[in-house]
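A short worksheet on the structure shown next.
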Amino acid sequence: MPDTIATPYEFTERWMEPPNFRISSGLRPFQFELPPALEVLDTVRQDDEVRVTILGDLDPEIRSARTRAFRHAPVEDIAAWRFRLVHFHLARLYDGPLRGFHEQVMIPWRTFLSAHGFTWHRCAPALFISGPGGNSTYHTDQSHGLVWQVEGAKTFHSYLAPEQVLSAEAAIMGETTAESPPLHDAATVQSVRMEPGELLWSHILTPHWVTSDSSLSMSINLSHGGLCHHGRYAGREIAVREHWDKNPDQAWLTDLRNTRY
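In my numbering, the protein residues as written are 350 to 610.
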C-alpha cells in the first residue's frame, strides 16, 4: 500500500519524487459534489472538445457505429459500452454540470499550494469517464497530477522506481505510449485501488496505466505544469525544462500528450 500524506509538511517533503502517494481526505482543501456520472456523461458527450475511444475486440463496423452513435444514443445504453472519455477544457462546462467548480475546487487548491510555498505555470483540471473495462493507455504525463476519484472505482498502476523502467528523455519523447503496459515484474509496480472521494498524487513523467473496476467510473485530474516549491523543481520537471530549452518550439505543443489517453 502507498503512504498516505496527511499534513502539509509531509506533502512538501514528498511531492517531488516517486513513488506516488495517497492524500488524506483531511488534507483536501476543497469540497464539491458533482452530478452523477451518468448525468455528466449525458451532457459532456455533446461538447465538441470531448474525446471518446470505443474499446474492445469489436467488429470494425460495430465500433464505427458506436462512435457515430455516441452523442445521441440513449445514455443508459452508452454506459454499458466499453469506452473511455476525456475532456481537457472543463471551463466549457462551468455553466453546466461543473457550475461552481472553479470557485469551490480550483481556487481553494491553488490557494493551498500558494500558502505552502508553491508556484506553477499551469494548473488545470481534466475529466475522465469510462464504462466497464474502460482502461487507459500506458503513458506518461509531462505534469504532476492530483487524481480525484469521484464515482466508481479504478486501480492506478505505476512503478515504485520509474527511473529504472524509463529514462526521463524517453518519457518526454512518448516512448511509453501503448494500449497496454509492457511485460513487467509485479514486484516493481505500485497498484492503488481508488474508491470515491480518494486522492492520489501522480508524479511527472511516471509511466502509468489505469484499469476500471466498476461499471461506470468518473475522476478528475488536476494537472500541474512547471510546479516549483521554494525555487526547487522535481528532477523530471528539470529534464522537461532542459528538453524545451533545446527544443523551444515543443514547449508550445505539450498538450499534444493528451491524445495518448
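All C-beta atoms, glycine included, are put in the ideal place defined by N, C-alpha and C.
Since residue i and residue j are thought to touch, with beta carbons under 8 Å apart, how far apart are those beta carbons, to the nearest angstrom?
i: serine 572; j: alanine 475; result: 6 Å
i: valine 496; j: leucine 549; result: 4 Å
i: arginine 431; j: glycine 405; result: 4 Å
i: leucine 565; j: glycine 482; result: Not confirmed; about 11 Å, so no contact.
i: glutamate 524; j: histidine 592; result: The Cβ separation is near 13 Å, so there is no contact.
i: isoleucine 354; j: arginine 371; result: 7 Å
i: proline 511; j: proline 423; result: That belief does not hold up - the Cβ atoms of proline 511 and proline 423 are roughly 42 Å apart, past 8 Å.
i: leucine 383; j: alanine 428; result: No, leucine 383 and alanine 428 are not in contact; Cβ-Cβ is about 16 Å, not under 8 Å.
i: arginine 417; j: isoleucine 403; result: Contact flag wrong, Cβ pair sits at about 10 Å.
Whose C-alpha, out of the options, is nearest the C-alpha of residue i?
i: phenylalanine 450; options: Ile569, Val589 and Gly574; result: Ile569
i: valine 538; options: Pro357, Met365, Pro423 and Asn369; result: Asn369
i: proline 351; options: His579, Glu547 and Asp444; result: Glu547
i: glutamine 380; options: Asp391, Leu447 and Gln599; result: Leu447
i: histidine 578; options: Phe461, Thr526 and Pro511; result: Phe461
i: alanine 588; options: Ser516, Ile456 and Val424; result: Ser516
i: histidine 438; options: Thr402, Leu565, Glu398 and Thr353; result: Glu398
i: leucine 434; options: Phe419, Asp490, Tyr443 and Met543; result: Phe419
i: glutamate 586; options: Gly494, Val514, Ser479 and Ile372; result: Gly494
i: alanine 527; options: Glu512, Thr504, Gln498 and His488; result: His488
i: proline 385; options: Asp594, Gly574, Met567 and Ala355; result: Met567
i: leucine 576; options: Thr416, Arg441 and Ser463; result: Ser463
i: serine 563; options: Ile553, Pro556 and Pro545; result: Pro545
i: arginine 471; options: Gln491, Leu554, Glu452 and Ser485; result: Gln491
i: leucine 387; options: Ile478, Asn484, Pro511 and Ile403; result: Ile478
i: isoleucine 521; options: Thr555, Pro367 and Thr361; result: Thr555
i: serine 561; options: Glu518, Arg415 and Gly480; result: Gly480
i: arginine 441; options: Pro357, Gln453 and Val393; result: Val393
i: proline 530; options: Val424, Val541, Val559 and Ser373; result: Val559
i: aspartate 444; options: Gly375, Leu407 and Asp396; result: Asp396
i: serine 583; options: Met365, Ile456, Glu452 and Ala536; result: Just to set this straight, residue 583 is alanine in the shown sequence, not serine. Checked all of Met365, Ile456, Glu452 and Ala536; the closest Cα to alanine 583 is Met365.
i: alanine 535; options: Met543, Val424 and Ser507; result: Ser507
i: histidine 436; options: Glu452, Ala473, Thr468 and Thr416; result: Ala473
i: arginine 542; options: Gln498, Ala422 and Phe360; result: Gln498
i: serine 374; options: Pro367, Val389, Thr356 and Glu362; result: Thr356
i: glycine 320; options: Val514, Asp594 and Ile553; result: For the chain, the structure presents residues 350 to 610; residue 320 sits outside this window and is missing.
i: leucine 509; options: Asn484, Ser485 and His557; result: His557
i: tryptophan 469; options: Phe360, Pro409 and Arg581; result: Arg581
i: phenylalanine 505; options: Thr486, Gln513 and Val514; result: Thr486
Would you list the residues sitting across from residue i in a DSSP beta bridge?
i: histidine 488; result: His557
i: serine 479; result: Arg433 and Ser566
i: alanine 473; result: Ser572
i: glycine 494; result: Ser551 and Ser572
i: histidine 506; result: Ser540 and Trp558
i: glutamate 500; result: Met567
i: threonine 468; result: Cys577
What span of residues does the alpha helix (DSSP H) with residue i cover, start to end?
i: proline 457; result: 456-464
i: tyrosine 443; result: From DSSP, tyrosine 443 is part of no alpha helix (DSSP H); its letter is neither H nor E.
i: glutamate 518; result: 517-521
Counting along the chain, where does the beta strand (DSSP E) carrying residue i start and finish?
i: phenylalanine 370; result: 370-372
(Q) Report the start-end ranges of each beta strand (DSSP E) in the segment 528-597 that is 3 residues or longer and not cut off at the edges. (A) With a minimum length of 3 residues, the unbroken runs of beta strand (DSSP E) contained wholly in the segment 528-597 fall at 538-543, 548-551, 557-561 and 566-574.
* **Length at least 3, wholly inside the segment 350-437: the beta strand (DSSP E) runs in chain order** => 370-372, 400-403 and 432-436
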